[in-house]
Every structure is written in C-alpha cells, then in structure tokens.
Amino acid sequence: MIHLEHVSKIYPPHSVGLQDISLKIDAGELVSIVGQSGAGKTTLVRMLIAEEPPTQGRISIGGWDITRIRSSEIPELRRQIGVIFQDYKLLPKKTVYENVSFALEVAGTPSKRVKEIVPQVLQIVGLEDKTKRFPTQLSGGEQQRVVIARSLVHRPKVLVADEPTGNLDTLNTHDIINLLLKINDFGTTVILVTHNREVVNALHRRVITLKDGLIHSDHAQGKYIL
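Encoded structure:
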C-alpha cells in the first residue's frame, strides 16, 4: 500500500528532516508514527500528502509513484488520502452539513450524490443529529468528528491522522481513537501521528518511532517508550 524507499528530506541549508527512511505499510494496517518534537513526523506527513517532495528516495502509494507527482495529479491523490489535523480547519460560517458537503462540491460531485454521501459519513461519526449546528456550537470532540467525516467523503484508501487528539481531553480522546479503530475495521489504512504515549500504548498495534529523522524502532505491537 505505502512504500518508502531510502527517503530523505533536507531543508536548506543543511537541516535534516528525514534521513534514509525505508518502510512499508500494508493495506488495512493501523500504524502509529511517534517521536518527540523535531523527530520528523510532520515532514513525513507532508510528503505522504504531496505537500513536499523528498530530496532523495521514492514514495509509492497503492503502486502509484508520487515522488515526482505533477501538480495536476495532486487533487486525485488527496481524494485517496484523507487527512485529519489537530487544528480543525472548519469553515466557521458553514454548518456541520455544509462543512462536510463542501469537500464534495469543490471536487465537482453531483448534488444528488452529495445528498447521499453526507448523511452516511455523519452517521459514521455520530453527528447525524447535529447537521445544522455551526462549529462554535460544538465541543472540541464534535468538531474533530466533523473533520473526520469530511475526510471520509471520498472513501479514501488511507487516512492520515496528524495529532488528532492534541486539543482534546481524555474522554474525547478515547472517543476519537475508537472512531479511528472503527474506520480501520472498514478496511481503511490508518496512520496515526502522535506524541500521546497513553493512546499509542493502549492500541497494541504497530508503532514506528522516529528520532532525529531516523527510524529508531518499528514493532508490530510495540510501545512508545521514548
């Protein structure tokens, strides 16, 4: 599914983001990418969603080499990879329904199809009764659920969750992680990028630890011990 071969990222003049990273993530896996600040987690996410190219090496997703992806191909890639950020990036003047439907509308999805998809994804995240509320009327956990719903509208093969619980309390963190597990059970590959030790250790899934731009460890059912 996802294959990185000897990938490095060097920022001018000599700042190292990642150094000679090679890893493979199979379809349907749930993998935690962990590490302290500056370890290379954000650099990895940016390259996976084609925000930045690697300086060296090759990245392929689903057999598609995205190392030198053309700008015209990026929208298609983004429909295959859903992304959840710590800061919700919701449109404040749009309702829950409108925030989710907007992701489809900008991609040119027919209105009939929009009306079918939006209720489905809102039901998955448990917000089917809050479609008319605005972001300011929602809790932090509910706002993150809207973000997750929005990321699912194109039925992505991969979901990248970049610090999805960073702004949430323990209860909402638990709910969001359970939702990611539910999405993974549907067959979606989930990459959880986090520094939350408790979340990672409770999952008992594969853990890849980055340190100083290198893969420090990679364990099938590992723990975050840094």
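In our numbering, each residue's number is its place in the sequence shown (first place is 1) plus 80. For glycine and all other residues, C-beta sits at the position ideal for the given N, C-alpha and C.
> Measuring CA to CA, which of Thr147, Thr253, Asp298 is closest to Glu278?
Replying inline: Within the sequence shown, the letter at position 198 stands for residue 278. Ranking Thr147, Thr253, Asp298 by Cα distance to Glu278 puts Thr253 first.
>> Taking 8 Å as the cut-off, does the stretch 212-221 touch the stretch 166-180 (at least 3 CB pairs, one atom from each stretch)?
In response: yes
> Does DSSP put Ser140 in a helix, in a strand, or in coil?
Replying inline: The residue labelled residue 140 in the question sits at position 60 within the sequence shown. In this structure, Ser140 counts as strand in the three-state DSSP scheme.
>> Let me check one thing: in DSSP terms, what residues is Val205 bridge-paired to?
In response: Working through the sequence shown from its first residue, we reach residue 205 at position 125. For Val205, which the question treats as bridged, DSSP gives no partner whatsoever.
>> Quick check on the DSSP output: the beta strand (DSSP E) that includes Arg286 runs from which residue to which?
In response: Here residue 286 is taken as the residue at index 206 of the sequence shown, counted from 1. First-last of the beta strand (DSSP E) with Arg286: 286-291.
>> Output needed for Ala187: all residues of its chain with C-beta closer than 8 Å, excluding positions within five of it in sequence on either side, in chain order.
In response: Along the sequence shown, read from residue 1 onward, the residue named residue 187 stands at position 107. Pro155, Arg159, His234.
> Excluding the five sequence neighbours on either side, which residues of its own chain have a C-beta within less than 6 Å of the C-beta of Glu132, listed in chain order?
Replying inline: The residue you call residue 132 lines up with position 52 of the sequence shown. Excluding positions up to five away in sequence, the list reads Arg126.
> Roughly how many angstroms lie between the CA atoms of Val273 and Arg193, to the nearest whole one?
Replying inline: As a working note, residue 273 is residue 193 in the sequence shown. As a working note, residue 193 is residue 113 in the sequence shown. Computed Cα separation, rounded: 32 Å.
>> Checking the sheet assignment: what are the DSSP bridge partners for Lys262?
In response: Start at 1 with the first residue of the sequence shown, and residue 262 comes out as number 182. Note: Lys262 sits in no beta bridge, so no partner.
>> I need the DSSP call for Ile129, collapsed to helix, strand or coil.
In response: Along the sequence shown, read from residue 1 onward, the residue named residue 129 stands at position 49. DSSP places Ile129 in coil when its eight states are reduced to three.
> Quick one, are the C-beta atoms of Gly120 and Leu98 less than 8 Å apart?
Replying inline: Reading the sequence shown from its first residue, position 40 is the one you call residue 120. Reading the sequence shown from its first residue, position 18 is the one you call residue 98. Going by C-beta atoms, Gly120 is nearer than 8 Å to Leu98.
> Arg150 to Ser95, Cα distance in whole Å?
Replying inline: Locating residue 150 in the sequence shown gives position 70, where the first residue counts as 1. Locating residue 95 in the sequence shown gives position 15, where the first residue counts as 1. Rounded to the nearest angstrom, the two C-alpha atoms are 26 Å apart.
>> Less than 6 Å between C-beta atoms, sequence neighbours within five positions excluded: which residues of the same chain meet that for Lys89?
In response: Against the sequence shown, residue 89 aligns to sequence position 9. Only Gly97, Leu98, Thr123, Pro134, Thr135 meet the Cβ criterion.
> What is the C-beta distance between Val180 and Ala229, in whole angstroms, given that I count them as a contact (C-beta under 8 Å)?
Replying inline: Walking along the sequence shown from the start, residue 180 turns up at place 100. Walking along the sequence shown from the start, residue 229 turns up at place 149. Indeed they touch by this definition, with Cβ atoms about 5 Å apart.
>> Our contact map puts Leu128 next to Ile288 with C-beta atoms below 8 Å; I'd like the distance itself, whole angstroms only.
In response: The count along the sequence shown starts at 1 and reaches residue 128 at position 48. The count along the sequence shown starts at 1 and reaches residue 288 at position 208. Rounded, the Cβ-Cβ distance is 13 Å, inconsistent with contact.
>> Tell me which residues share the same chain as Leu260 and place their Cβ nearer than 7 Å to its Cβ, disregarding the 5 neighbours each side in the sequence.
In response: Mapped onto the sequence shown, residue 260 falls at position 180. Only Ala241, Val270, Leu272 meet the Cβ criterion.
> How should Ala183 be labelled, buried or exposed, when 16 other C-beta atoms within 10 angstroms of its C-beta is the threshold for buried?
Replying inline: Looking up residue 183 in the sequence shown gives position 103. Classification for Ala183: buried.
> Out of curiosity, what's the CA-to-CA distance linking Leu110 and Glu208?
Replying inline: Numbered from 1 along the sequence shown, position 30 holds the residue referred to as residue 110. Numbered from 1 along the sequence shown, position 128 holds the residue referred to as residue 208. If I take the Cα positions, the gap works out to 26 Å.
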